[in-house]
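Down below is the structure, laid out as structure tokens.
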Amino acid sequence: MQQMDLNADCDLNLMLVDEDEMTELHIKWMDEPGPTDVLSFPMDEIEPGYKEVAVLGDIVLCPSVALAQAQKAGHSFEHEAAILSMHGLLHILGFDHAEPEEEKEMFSLQESLVAGWNK
Numbered sequence: 117m118q119q120m121d122l123n124a125d126c127d128l129n130l131m132l133v134d135e136d137e138m139t140e141l142h143i144k145w146m147d148e149p150g151p152t153d154v155l156s157f158p159m160d161e162i163e164p165g166y167k168e169v170a171v172l173g174d175i176v177l178c179p180s181v182a183l184a185q186a187q188k189a190g191h192s193f194e195h196e197a198a199i200l201s202m203h204g205l206l207h208i209l210g211f212d213h214a215e216p217e218e219e220k221e222m223f224s225l226q227e228s229l230v231a232g233w234n235k
């Protein structure tokens, strides 16, 4: 599993938006209809082993979509927000889930990191 240590002084923005705003962003950037749960917008391109200060980018989260997903999954909103925030960060760091092997790696890392937050 790929590991990435980041400089603690890196910048990352987290924005919370309503469904209308998320729908606009989803259409504009992904050419997909309707709101989604999370979108990521990377800034500085970094690779594993990068240790300098960087502007990582923006994570945009839609709380109402996250809440609906949390209720459907049977866990708290806080847990869903942690999952989505980590998912967004992993995308910013270059992870993807387009291919089955990539999905396995990304979701395993996401699960592990979120579980570590709850200790």
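Mind the numbering: the sequence shown is residues 117 to 235 in the working numbering, read in order. For each residue, glycine too, the CB sits at the ideal point set by N, CA and C. All of these numbers come straight from a predicted model, not from anything done at the bench.
{"Item": "Please report how far the alpha carbon of Met117 lies from the alpha carbon of Ala170, in whole angstroms.", "Value": "With a pLDDT of only 47 at Met117, under 50, the local geometry of the prediction cannot be trusted, and no value is derived from it."}
{"Item": "Since Ile175 sits in a beta bridge, which residues does DSSP pair it with?", "Value": "Leu130 and Ser156"}
{"Item": "Between the region 190–210 and the region 223–231, do three or more beta carbon pairs fall short of 8 Å?", "Value": "yes"}
{"Item": "Let me confirm a value: Pro149 is counted as buried when at least 16 other C-beta atoms fall within 10 Å, else exposed. Which label applies?", "Value": "exposed"}
{"Item": "If we count the other Cβ atoms within 10 Å of its Cβ and call it buried at 16 or more, is Met131 buried or exposed?", "Value": "exposed"}
{"Item": "Since Ala198 is in the alpha helix (DSSP H), which residue starts that stretch and which ends it?", "Value": "Phe193 to Ile208"}
{"Item": "Val162: which of Leu206, Glu140 and His142 sits nearest, CA to CA?", "Value": "At residue 162 the sequence reads Ile, which differs from the Val that was named. It is Leu206."}
{"Item": "Give the straight-line distance between the Cα atoms of Leu122 and Glu168, rounded to the nearest whole angstrom.", "Value": "8 Å"}
{"Item": "I need the boundaries of the alpha helix (DSSP H) containing Phe223, first residue and last residue.", "Value": "Pro216 to Trp233"}
{"Item": "Which residues bound the alpha helix (DSSP H) around Ile143?", "Value": "Glu135 to Met146"}
{"Item": "Where Leu209 and Pro158 are concerned, what is the direct C-alpha to C-alpha distance, given to the nearest angstrom?", "Value": "8 Å"}
{"Item": "Identify whether Ala170 lies in helix, strand or coil by the three-state DSSP scheme.", "Value": "coil"}
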